[in-house]
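Here our numbering is used: the first residue of the sequence shown is 5, the next is one more, and so on. Take a look at the structure below.
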Amino acid sequence: MTEGSSERQGGQGQANMKVLVVAGARPNFMKVAPILRALDAAGHQGILVHTGQHYDARMSDAFFRDLELPEPDFHLEVGSGSHARQTAGVMEAFEPVLQETAPDWVVVVGDVNSTVACALVAVKLKEELGVRIAHVEAGLRSHDWRMPEEVNRVLTDRMADLLLTPSRGAEPNLLSEGIPEERIRFVGNVMIDTLLHQLPRARDRDYPGELGLERDGYAVATLHRPSNVDEPETLRTALSALGAVARERPVVLPLHPRTRKNAERFGMEDELDALTVVPPLGYREMVSLLEGAAVVLTDSGGLQEETTALGIPCVTLREQTERPVTVTEGTNRMAPWPLSVEGVEGAVAEALKAGRRDPGSGGPEGWDGKAAERIVLELAEGIR
Ligand code: UD1
């Protein structure tokens, strides 16, 4: 473990709350950035712990740069491994950090292994340290217990003292699991805080122009869920479907390390050759690419939300989504399941027909760039 040299302190005199914020994997970084900024602006002390679940420069450092994230105060350097090894590694490394810092709050975000690992450490030290746990992005449910993220979500929500929800549909999910109403607060979507904050910088970036692509003249795809990429047959179907879409317009695929390793292992270079494969992108490059796309095909949770906020048509390559608001109020639609080339082609045709939606026409409630401010207010309220 490496330890940062300085603890961050709010600029307005005495810090009145000490909040430890955990980030582990790529989708966490966009969620913690606005929370740390809002803590700082309100004069509270934020402590950033990076578990090191993601460690490649392109999966981690690039995001710290683009999102203007400070150096972590603690870096646990846990890295990859089986679920048990990774989760246990985070727990073992996080326990002494929590004991040393003894914060008022541990804030965990999203649904990755680092999220559940740190919540589990904190819940066991609750009495001893007087620490409380807040879960940002609480209450999302795919109802698919085969997904590691669903296990992480349900267990984290069960352990949290304060459940901060991104959309109205999350609360009934929590209530149906017996979580008391007084622990649940609707705060909106903190990922959209980052999107709105970074949009002008992403526009300056013009990554599509760099690739020689014209606005509305290409599709963007991402693929990394174990259920899509870990078995040769399913990965071949997904890549063939993208290949079929690429016969009409270029499909840009920023390739996740898990997918790259599997495609190489299964000998699927030909399928990749049909696509415009680029390495994992930084945040601004990705947003710049999304904004110019005619359609996005993805199995990521974050992209379903970002396309909804930007008004870009999206086809989700999964059996179900834990983010139904992106379908009912946004621009997302589910590809027919199980995935097939024809099914994906049909969904893309429908998405293109529906076209872009004016992002100014109002998205889901609380996706307004102010979720982090509301989160900090709820944390402060919770320790009074
Ligand atoms: C994790 C999250 C997933 C999230 C995704 C975003 C869990 C259970 N899953 O999945 O919810 O959507 O992050 O990317 O927490 N690897 C590298 N470099 C890295 C990180 C990973 O090469 O910096 C490779 C390793 O071979 C590793 C594999 O990718 O074994 C998978 O990484 P891991 O963190 O286990 O899960 P993700 O698939 O990234």
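Using N, Cα and C, we set each Cβ at its ideal position, and we do this for glycine too.
Which of helix, strand or coil DSSP assigns to residue i
| i | result |
| --- | --- |
| residue 188 | strand |
| residue 370 | coil |
| residue 116 | coil |
| residue 51 | strand |
| residue 345 | helix |
| residue 20 | coil |
| residue 168 | strand |
| residue 270 | coil |
| residue 6 | strand |
| residue 87 | helix |
| residue 137 | strand |
| residue 201 | helix |
| residue 110 | strand |
| residue 390 | Because the chain here runs from 5 to 388, residue 390 falls outside it and cannot be looked at. |
| residue 287 | helix |
Strand pairing of residue i, partner residues [DSSP]
| i | result |
| --- | --- |
| residue 255 | 223 |
| residue 319 | 301, 337 |
| residue 280 | 256 |
| residue 78 | 7, 53 |
Identity of the residue in the options nearest residue i by Cα
| i | options | result |
| --- | --- | --- |
| residue 249 | 219, 272, 349, 226 | 349 |
| residue 8 | 74, 157, 269 | 74 |
| residue 47 | 122, 192, 23 | 23 |
| residue 61 | 373, 86, 30, 78 | 30 |
| residue 169 | 326, 294, 147 | 326 |
| residue 141 | 166, 131, 135 | 166 |
| residue 262 | 274, 290, 223, 232 | 232 |
| residue 317 | 374, 337, 158 | 337 |
| residue 227 | 367, 322, 182, 44 | 322 |
| residue 38 | 71, 105, 361 | 71 |
| residue 114 | 107, 127, 306 | 306 |
| residue 353 | 89, 192, 253, 236 | 253 |
| residue 334 | 341, 308, 356 | 308 |
| residue 244 | 343, 294, 28, 230 | 343 |
Cβ-based burial, residue i [other Cβ within 10 Å; buried from 16]
| i | result |
| --- | --- |
| residue 149 | exposed |
| residue 387 | exposed |
| residue 18 | Summary for residue 18: the model assigns pLDDT 49, below 50, so the residue's position carries little reliability; its value from the coordinates is reported in the next sentence. Exposed is the call here. |
| residue 83 | exposed |
| residue 86 | exposed |
| residue 103 | exposed |
| residue 362 | exposed |
| residue 35 | buried |
| residue 284 | buried |
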